[in-house]
Structure formats: C-alpha cells, structure tokens
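A short write-up of the structure that comes next.
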Amino acid sequence: MVTGTYLRLILGKATSAVEQFDRLSIDGTGLHITDFMILEALLNKGSMNISTVGEKVLLTSGSMTAAANRLKKKGFIERVRDPLDGRSYYLHLTQTGLRLISGAYQRHSKNLDRLADCLTLEERHTLITLLKKLGRQAAELNEYLKEQLPKPPS
Numbered sequence: 000m001v002t003g004t005y006l007r008l009i010l011g012k013a014t015s016a017v018e019q020f021d022r023l024s025i026d027g028t029g030l031h032i033t034d035f036m037i038l039e040a041l042l043n044k045g046s047m048n049i050s051t052v053g054e055k056v057l058l059t060s061g062s063m064t065a066a067a068n069r070l071k072k073k074g075f076i077e078r079v080r081d082p083l084d085g086r087s088y089y090l091h092l093t094q095t096g097l098r099l100i101s102g103a104y105q106r107h108s109k110n111l112d113r114l115a116d117c118l119t120l121e122e123r124h125t126l127i128t129l130l131k132k133l134g135r136q137a138a139e140l141n142e143y144l145k146e147q148l149p150k151p152p153s
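All residue numbers for the sequence shown refer to numbering that gives the first Met the number 0, where the first residue is 0 and numbers rise by one.
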C-alpha cells in the first residue's frame, strides 16, 4: 500500500532534486534565483507593478523591494512611477537586463526541457493534473488544520 507518508517522502525527494537542478541551471547566469525569477517575469509578461511582480514570483513586499533595488543598481531594471498611482512603481527591463535574461532564459528553458524529456507528453499532462489535484487537497486541508489548532487564551 502506498501511504500518504510514502507519497510525501517521494514528492519531497523529487522536489529537492528538481530545485537543485533549477538552482544549478540558473547559477551559470550569475543571478540569484529570485533575481532570475523577477527578470524572467518581466521578460515574459512585460512591465508590471512591483507588487504584481512580487505576487507572480511569490516574494513578500520587503523581499521584492530589496531585489528590485539590487537589480536597479546592477542596471537590469528601471523603476518607473505609475502615472495613475504616484505611490507605486512599475518595473521595466533595461536593454542590459533584456540581453541578460533573454540568453539566460533560453539556456534555462532548454535545461528544463532536458529534465522533462524523461516523461512522455501524456505523462507530463498526467503529472500536472495529479499535482494540481494534490495541491488543491493540501490547500483545503490546510484550512481544516488551521481550524483545529488550539485558540490562544483571550
């Protein structure tokens, strides 16, 4: 019988190996993984509000601000004030940033394709479907478990 514990073990090992592969693939660009993810989002989606970029790459506002400052200092992005909301900024790739991430993304994408080559197209679709199903179940059970936690004394 395949228990939930065994499934979690296998999923954890696979996740760890894929994350290591991802980091090693990105390491050759000279970018930190979060910087790569931000530049990749801007490459694929175009200029975006800083908070939108943070949501897409799963960074807190503080981490996103630090990363944006770092990328601006390196000349990879510009911060352009939002004309509709003067309190927020749009992040925009500079020509230097565009050249860097275009090549880096292409190499990384080829590496990810090589990783996925062990799966047939049908297996890829099945894996995506099953991982989404498992993720939805985990999210639902997270809410249940939160409700079961002891309440702090008032």
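Cβ atoms here follow ideal geometry from the backbone N, Cα and C, with glycine treated the same way.
Note that this is a predicted model, so its numbers are computed, not measured.
- Membership of VAL17 in the alpha helix (DSSP H) is indicated by the continuous run 3-26.
- Check the Cα spacing between SER87 and each of GLU139, VAL52, VAL56 and ILE25: the tightest is with VAL52.
- Positions of the alpha helix (DSSP H) runs, each at least 4 residues long and wholly inside the stretch 50-113, are given as 60-72 in order along the chain.
- With a cutoff of 9 Å on beta-carbon distance, ALA103 and GLY27 are scored as near each other.
- Cβ neighbours of SER101 within its own chain (closer than 8 Å, five residues either side excluded): LEU42.
- In the structure shown, MET0 falls within a coil segment according to DSSP collapsed to helix, strand and coil.
- Bridge partners of ASN48 according to DSSP: TYR89.
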